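Just so you know, we're using numbering that gives the first Met the number 0 here: the sequence shown kicks off at 0 and counts up by one. Note that beta-carbon positions come from the ideal geometry of N, C-alpha and C, so glycine has one too. All of these numbers come straight from a predicted model, not from anything done at the bench.
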Amino acid sequence: MVMGSIPQEVDVAIVGGGVGGYVAAIRAAELGLSVAIVEKERMGGHCPNYACIPSKTMIHVADLFYSIKNAEKFGITVENASLDVGKLHEWRVSISEKLEAGIEFLCRSNGIDMFKAEATFLSSNTLQLSDGVTLKFKNAIVATGSAPRSMKGFGENDRVMDYRRALLLEELPKSIAIIGAGYVSVEIGTLYAKLGSKVTIIARSDILSTFDKDAVALVKANMKKMNIDVRTGAMPLNQTPAGIKLSDGSEVEAEKIFVAVGLDPYTTGLGLENTKAKVDERGFITVDDTLRTSDPNIYAVGDVIGQPMLAHKAIRQGVVAAEAIATGKASYDNQVVPAVIFSDPEIAIAGSIDQGEGIEIIKFPMSAIGRAVALDETAGFAKIAYEKDSGLVKGIEVVGSDATGMIFGAALAIEMGATLEDLADTIHPHPTFSEIIQEAAEAGLGRPIHFFYGRNAGKKT
Ligand SMILES: Cc1cc2nc3c(=O)[nH]c(=O)nc-3n(C[C@H](O)[C@H](O)[C@H](O)COP(=O)(O)OP(=O)(O)OC[C@H]3O[C@@H](n4cnc5c(N)ncnc54)[C@H](O)[C@@H]3O)c2cc1C
């Protein structure tokens with residue numbers, strides 16, 4: 000279709016085909032609305048193509064390689080274990096392609112019109128697409144996500160990369176320096192160290208500075224074993240032929256430099272100024288609890304509306320925005336957004352484990368869990384924060400193997416208003432790492448089973 004042709008009209012137009020956008024599209028179509036989705040790059044957006052899935056694909060392979068090389072204690076010795084990085088690259092790319100094709104199939108099957116173009120708002124009910132199509136809509140959902148923040152003196156070149164390129168390397172760098180110390184730096188740094196690169200993380204204060212210090216201490220101990228150098232206190236100044244010069248005069252060796260200093264909301268070229276939608280001082284689109292912007296016709300979901308910038312939050316918001324438009328009855332009122340870090344050991348948390356008035360925290364060690372002992376994965380623990388008087392669970396953190404896989408149970412417990420008693424009395428399958436949540440709850444009730452806290456320590460009837 001060319002510019003000037005009759006505009007297409009839909010109930011809902013969605014800008015951005017990432018996890019927030021395509022999920023909203025599917026839910027709106029299921030609810031009987033006519034839907035168009037506009038994506039300028041790849042359906043699925045960052046998560047399956049450049050971020051969550053590629054990083055976890057690479058982390059899985061790195062873990063496998065590292066385990067093979069460190070399996071002597073189980074009686075397995077593999078001489079000259081080697082890595083074909085070209086094959087790993089092909090595998091990583093094929094996974095994204097498979098998922099992207101699956102998402103397109105689902106959209107087509109649900110009768111959703113897909114446009115590969117950049118969309119700009121002309122008004123509160125019209126979008127202009129870069130391929131010439133004009134889309135008229137009753138409601139729109141903005142799901143344009145985020146973009147990596149750049150850093151002065153470290154603009155992209157052959158050597159300096161953002162996360163997209165850091166997860167698409169066709170050769171293993173001998174050394175890689177990572178500027179930034181959030182979960183993305185830790186995940187990608189650990190995977191490259193396990194594959195054999197020399198990794199340096201340059202952190203302003205510490206890695207994962209907003210996370211539980213007990214959890215971070217375990218991650219740091221393993222990073223040390225992997226020879227990952229964490230430099231704190233000095234700022235990266237500029238690139239040198241060998242790597243990076245720091246403000247304390249030292250130099251970091253780096254064949255590649257990965258800048259991971261955060262994500263900014265992405266609204267470039269969106270034309271929000273032609274609507275009544277507003278952004279806050281950091282550029283995030285502001286919404287109410289139904290995810291409606293200041294423009295009554297326009298909703299927004301995912302990274303573009305703020306923290307936490309996580310795929311599962313965008314997915315939930317996509318569903319809520321579609322339901323709010325179709326039924327007028329939905330609102331985004333989840334109590335917790337779980338967070339998972341695929342570090343070594345893994346960290347997973349739902350709710351808050353902060354000490355507060357009337358809040359008690361119980362900690363239970365992973366070394367007391369049979370499956371952890373069998374797999375030699377005893378580093379870790381579970382913490383449960385609960386109301387002292389009622390036993391109501393406020394937060395659960397698990398650190399250790401499979402922590403990321405079991406945290407959904409914690410989120411469910413909190414959403415359903417579970418107490419310590421509910422967790423303790425729910426049968427957890429044996430032998431699994433998940434038993435740590437039940438054991439921690441038993442301990443919180445003063446009746447620990449597989450750990451001895453000391454005679455009469457916290458015993459309750
Ligand atoms: C390295 C890395 C690893 C991560 N790992 C995890 C993880 O393990 N778990 C997790 O929950 N989260 C993870 N995240 C975060 C996750 O990727 C994001 O939270 C998620 O992708 C946000 O989804 P979204 O739909 O809001 O936006 P996006 O996925 O960014 O999608 C937005 C889409 O909109 C398109 N677009 C933008 N403007 C326009 C326009 N004007 N017209 C048409 N199209 C447009 C873009 O091309 C893009 O495809 C990770 C992030 C990074 C960087």
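Residue from the options whose Cα sits closest to the Cα of residue i
i	options	result
Asp388	Glu396, Ile395, Thr418	Thr418
Glu38	Ile200, Gly181, Tyr21, Ile314	Tyr21
Glu252	Ile177, Gln354, Ser293	Ile177
Ile352	Pro295, Gly394, Asn69	Gly394
Ser26	Ala323, Gly248, Gly43, Gly445	The question names Ser, yet the displayed sequence has Arg at residue 26. Closest by alpha carbon: Ala323.
Leu374	Ala347, Asn69, Glu356	Asn69
Asn109	Ser93, Ile67, Gly31	Gly31
Val14	Met365, Cys46, Val215, Ile140	Ile140
Asp247	Leu105, Ala233, Ala313, Ala192	Ala233
Asp288	Asp332, Gly74, His59	Asp332
Beta strand (DSSP E) segment containing residue i, residue limits
i	result
Phe120	118-122
Thr199	197-202
Leu126	125-128
Val34	34-38
Asp10	7-14
Ala347	346-350
Own chain partners of residue i with C-beta closer than 6 Å, once the 5 adjacent residues on each side are dropped
i	result
Pro502	Residue 502 is absent from the model: the chain starts at 0 and stops at 460.
Ala410	Val335, Pro337, Ala349
Arg291	Tyr298
Val218	Ser342
His522	Outside the modelled stretch of the chain, which goes from 0 to 460, sits residue 522, for which no answer is possible.
Ile243	Ala176, Pro235, Val251, Ala253
Ala329	Val319, Glu322, Ala323
Gly3	Reliability of the predicted coordinates at Gly3 is poor, the pLDDT of 49 falling under 50, and the value obtained from them is presented with this limitation in mind. Once the five neighbours on either side are set aside, Gly3 has no close Cβ partner at all.
Asp62	none
Val215	Leu207
Asp279	Thr285
Ile361	Ile383, Ala439, Ala442, Gly443
Thr326	none
Arg454	none
CA-to-CA distance, residue j to residue i, given in whole angstroms
i	j	result
Met0	Gly131	Any reading at Met0 must be qualified, since the residue scores a pLDDT of 41, below 50, and its modelled position is unreliable; the value itself is stated next. So the alpha carbons of these two residues sit roughly 7 Å apart.
Val319	Tyr385	29 Å
Pro6	Ser122	14 Å
Ser174	Gly188	10 Å
Ser81	Gly305	42 Å
Val77	Tyr65	11 Å
Asp83	Leu166	15 Å
Glu359	Phe283	35 Å
Ile413	Ala423	14 Å
Lys212	Ala28	45 Å
Thr266	Ala116	15 Å
Thr377	Leu245	37 Å
Asn48	Ser93	10 Å
Gly357	Thr199	42 Å
Glu420	Gly355	21 Å
Thr460	Ala347	Its pLDDT being 46, under 50, Thr460 is placed unreliably by the model, and the measurement read from it follows with that caveat. Going from the Cα of Thr460 to the Cα of Ala347 covers about 31 Å.
Gly152	Ala241	15 Å
Met113	Asn79	49 Å
Arg446	His88	50 Å
Thr133	Ser33	16 Å
Residues near residue i by beta carbon distance below 7 Å, same chain, minus five either side
i	result
Gly416	Leu391
Phe432	Ile368, Arg370, Ala371, Gly399, Ser400, Asp401, Met405
Phe120	Leu126, Leu269, Gly270, Leu271, Asn273, Thr274
Phe363	Phe380, Ala381, Ile435, Glu438, Ala439, Ala442, Phe450
Val300	Gly19, Ala23, Ile140, Ala142, Leu290, Ala313, Gln316, Gly317, Ala320
Ser204	Thr231
Same chain, Cβ closer than 8 Å to residue i, five either side skipped, listed in chain order
i	result
Leu262	Ser145, Ala146, Pro147, Arg148, Asp302, Met308
Gly43	Gly16, Gly17, Val18, Tyr21, Ser95, Leu98, Glu99, Ile102
Ser293	Lys275, Ala276, Lys277, Thr285
Thr239	Glu250
Sub-7 Å separation of residue i and residue j beta-carbons
i	j	result
Glu99	Arg41	yes
Met160	Phe257	yes
Asp343	Asn226	no
Thr56	Arg107	no
Ser54	Glu186	yes
Glu8	Lys86	no
Val229	Asn138	no
Val260	Gly154	no
Ile201	Ile111	no
Delimiting residues of the alpha helix (DSSP H) encompassing residue i
i	result
Pro235	Here Pro235 belongs to no alpha helix (DSSP H); instead the beta strand (DSSP E) covers 235-238.
Tyr191	182-194
Gln316	310-326
Asn221	212-224
Ile25	18-29
Ile58	51-68
Proximity test, Cβ basis, 7 Å: residue i and chain B
i	result
Ala214	Reference to chain B is not applicable here, since this structure consists of a single protein chain.
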